[in-house]
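Here the structure comes first, spelled out in structure tokens, and everything after it is commentary.
In the numbering used here, the protein residues as written are 379 to 623.
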């Protein structure tokens, strides 16, 4: 048994407006599965497929109070392209941000609701990822995160050090999943989190039990009667285990 990373869930004050920003930022199509939810995926995409990790924006009245522990890095192909992307995103409503990054070759920005993301300098490793180069998670122990997420999903572990862990779909397509050591301590629930889905025919309760044996914990965020299961990884990062499909 295994799960697949299928989407990023991002809370939003205005899911439609923020979804419009990210749709233009990524060049993706917009749809909605219901009121208060905006879904983004590439044009012609057949869900789920590791070639892309989709983006779901879900309305939430709770304000953003701290730096997100999960963010996306956007890929660029040249220095000129990087500058062009930054300028285009500023025109769409993003702004440059200082999160203590110092003098780095990438540009840190925030979207119109203050969610951090990076526009990367061109790097060969991200040449075939699509617009999202990586989904990045702050953590205390990248090695422990690689062990958990490498077994929780069918993604392959590419690199593990004391400071970084890098995973990608075993099919070698789509964005990377990266865990970066940071001194910041998790203090509130994550407004941006990962959603994983078992394969068709798998039993979701059995998969949840397997994830708990790996170090996940069941948590209650007031989700009431929903078809997904809310869990947290060994560092307390919430994620949702969706129904098989």
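Just so it is clear, CB atoms sit at the ideal spot from N, CA and C, and this is done for glycine as well.
So, at 8 Å on beta carbons, what are the nonlocal neighbours of residue i in its own chain, with the 5 sequence-adjacent residues on each side left out?
i, result
"residue 438", "389, 390, 391, 569"
Reducing DSSP to helix, strand and coil, say where residue i ends up.
i, result
"residue 503", "helix"
"residue 394", "helix"
"residue 594", "coil"
"residue 472", "coil"
"residue 423", "coil"
When you compare only the Cα positions, how much space is there between residue i and residue j?
i, j, result
"residue 491", "residue 530", "31 Å"
"residue 469", "residue 444", "25 Å"
"residue 553", "residue 425", "15 Å"
"residue 625", "residue 435", "Here the chain has residues from 379 to 623 only, and residue 625 is not among them."
"residue 494", "residue 464", "13 Å"
"residue 523", "residue 607", "20 Å"
Assign residue i to buried or exposed, taking buried as 16 or more other Cβ atoms, counted over all protein chains shown, within 10 Å of its Cβ.
i, result
"residue 514", "buried"
"residue 546", "buried"
"residue 556", "buried"
"residue 385", "buried"
"residue 587", "exposed"
"residue 539", "exposed"
"residue 573", "buried"
By Cβ distance below 6 Å, which residues in the same chain neighbour residue i in space, the five residues on each side in sequence not counted?
i, result
"residue 421", "407"
"residue 429", "551, 552"
"residue 559", "520, 541"
Report yes or no: is there a C-beta of chain C within less than 8 Å of the C-beta of residue i?
i, result
"residue 472", "In the structure shown, chain C does not exist; there is a single protein chain."
Closer than 7 Å by C-beta to residue i: which residues in its own chain qualify, once you throw out the five before and the five after it? Chain order, please.
i, result
"residue 477", "445, 486, 494"
Evaluate contact between the segment 561-579 and the segment 613-623, counting only Cβ atoms and requiring at least three cross-stretch pairs below 8 Å.
yes
Check whether the segment 487-506 touches the segment 447-461, taking contact to mean three or more Cβ pairs, one atom from each stretch, closer than 8 Å.
yes
Take every Cβ of the segment 506-522, pair it with every Cβ of the segment 466-481, and state whether three or more of those distances are shorter than 8 Å.
no
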